[in-house]
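The structure appears below as structure tokens.
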Amino acid sequence: MISLLYCGNGKMFDGILISLLSIAKTASEPLDVSILTMDLFGINPLFTPLTEEQGCFMESLLKEKEPRSRLKVYGITELFLSEMKNSPNLNSVYTPYTLLRLFADELPLPEKILYLDADTAAARDIAPVFEVDTGGSPYAGVLDYLGKIFIHPRYINAGVLLLDLEAIRSSGFFQRARQFCAEKKTPFPDQDAINRLAKNKCILPRCYNEQRKMKEDTVIRHFSKSIRWLPFYHTVNIKPWDIEGMHRIYHLYDFDPVLEEYQEALEKWNRNFRKEAFR
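As numbered in numbering that gives the first Met the number 0, residues 0 to 278 make up the sequence shown, in order.
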């Protein structure tokens, strides 16, 4: 099975849905999906968890394509607060949900699992990435397009990470990363932590986390915030669920079949499930 890990709040439902539909469309094996979420409404009214109903709905869509696929939502609010309650990174430009992946070693997850940000989409079968030998490194990832220039030549983007949870557990790597994030405020909290603490890094080919433009060999397109220098300096932050922006700004139509599925699924959710889930 293809083991996948996502993290996020209820607002990430659309992104995770698109990402899963894109992977399921090209997958050669069933999907085993884990989603970590939590309820931090007391910190911010927007920080509400992804619901079990949303998880069940996404699982039903996956099973329509492959009956052996499965999806489980883990609510880990108490676990998170037990270590991060006083973290300076709770007040950051990034939501606390980015830190959830650092708790993967505390859950009954597969020893090898692919973490994906909610703004990723697969252009082809992702199964080959699981054949990568991480060589004892706790994770494998692609160099950050900007970070490798402005931070460090081997600075990894954390949006796509092949996690070796056996190595992570035995070395205490995520435990140390959590302690780092609980005590030190940095611009890119957990991403900085895993980059600073890794003694050796396994670098994946760019095709597994393409952060700029689609190429012929792109496997995973990551729609992360990026810088454009022309015609003047500006940032671009178009996400897959912004279909009009995908067309107008990126001139990207490769994922239109998936986005059509997403729109149909969203209509189904709003019509048949949303009212029950939030009654």
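Yeah, the Cβ is synthetic: ideal placement off N, Cα and C, and Gly gets one too.
Given residue 104 as reference, the closest of 167, 262, 8, 68 once Cα atoms are compared: 167
Exposed unless 16 or more other CB atoms sit within 10 angstroms - verdict on residue 277: Its pLDDT being 48, under 50, residue 277 is placed unreliably in this model, and the value from its coordinates should be taken loosely. Answer is exposed; the Cβ neighbour count stays below 16.
Inter-residue CB distance, residue 258 and residue 112 (contact presumed, cutoff 8 Å): Residue 258 to residue 112, Cβ: 26 Å. No contact.
Any 3 or more C-beta pairs closer than 8 Å across the region 58-78 and the region 22-38: yes
Terminal residues of the alpha helix (DSSP H) in which residue 261 lies: 255-267
Inter-residue Cα distance where the pair is residue 1 and residue 131: 13 Å
Residue 197 beta carbon less than 8 Å from that of residue 179: no
Of the residues 58, 99, 127, 64, the one placed nearest residue 217, counting alpha carbons only: 127
Rounded C-alpha distance that separates residue 214 from residue 48: 35 Å
Residue of 78, 138, 165 minimising C-alpha distance to residue 108: 165
Alpha helix (DSSP H) segment containing residue 62, residue limits: 51-64
Cβ neighbour criterion (16 or more within 10 Å) applied to residue 232: Counting C-beta atoms within 10 angstroms of its own C-beta, residue 232 has fewer than 16 neighbours from the protein chains shown and is therefore classed as exposed.
Residue range of the unbroken beta strand (DSSP E) whose run includes residue 23: Where residue 23 is concerned, there is no enclosing beta strand (DSSP E), although the alpha helix (DSSP H) it sits in stretches over 12-25.
Beta-carbon contacts of residue 248 that lie in its chain and below 8 Å, excluding the five residues immediately before and after: Correct list, in chain order: 235, 237.
Distance, residue 210 Cα to residue 143 Cα: 8 Å
Environment of residue 188 [buried if 16+ CB atoms lie within 10 Å]: buried
Inside the region 116-153 only - beta strand (DSSP E) runs reaching at least 3 residues: 119-121, 138-142
Span separating the alpha-carbon of residue 64 from that of residue 76: 32 Å
Complete runs of the alpha helix (DSSP H) confined to the region 172-258 [at least 4 residues]: 172-182, 188-196, 242-247
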